[in-house]
Amino acid sequence: MLEAVIKPEWPEDFKRIIDITYRFSAGWRKVHNPDTGDHVADNLSTSEFTAAMLAARGWTNQEIANHLGVSLNTVKWYISNAMNTLGIQHRQDLKDFMLP
């Protein structure tokens, strides 16, 4: 939503907001691959990370879509991309990556 409203009119301000968001989130997005110990969250977009975290906590795609204010297909896309990035095929495996 932020992107749709701010990016077209104020691209430099949007870029600064995104940069600040990534710097802020770097500390709390310390998610590790349980097999290798590698950091994985930095390979996910903020939206992918958020959708995957909520899915790992048992939220349905529709609940995630409502919460994020995006379409159901967008949530499916975020979770699919996150799972591909993490190298997993089953939604329930997100718990191994996203939950402590």
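Just so we're aligned, residue 1 is where the sequence shown starts under UniProt numbering, counting upward by one. We put the CB at the ideal spot given by N, CA and C, even for glycine. The structure displayed is predicted, hence computed values, not measured ones.
DSSP state of Val75 mapped onto helix, strand, coil: Looking up residue 75 in the sequence shown gives position 75. It is helical.
Delimiting residues of the alpha helix (DSSP H) encompassing Thr50: Here residue 50 is taken as the residue at index 50 of the sequence shown, counted from 1. Taken as a continuous stretch (DSSP letters only), the alpha helix (DSSP H) holding Thr50 covers Thr46 to Ala56.
Secondary structure of Thr60, DSSP reduced to three states: Position 60 of the sequence shown holds residue 60. Correct three-state label for Thr60: coil.
Burial state of Asn66, where buried means 16 or more other Cβ atoms lie within 10 Å: For the purposes of this step, residue 66 is taken as residue 66 along the sequence shown, with counting starting at 1. Result: exposed.
Inter-residue CB distance, Leu44 and Ala82 (contact presumed, cutoff 8 Å): As a working note, residue 44 is residue 44 in the sequence shown. As a working note, residue 82 is residue 82 in the sequence shown. The Cβ separation is near 5 Å, so the contact holds.
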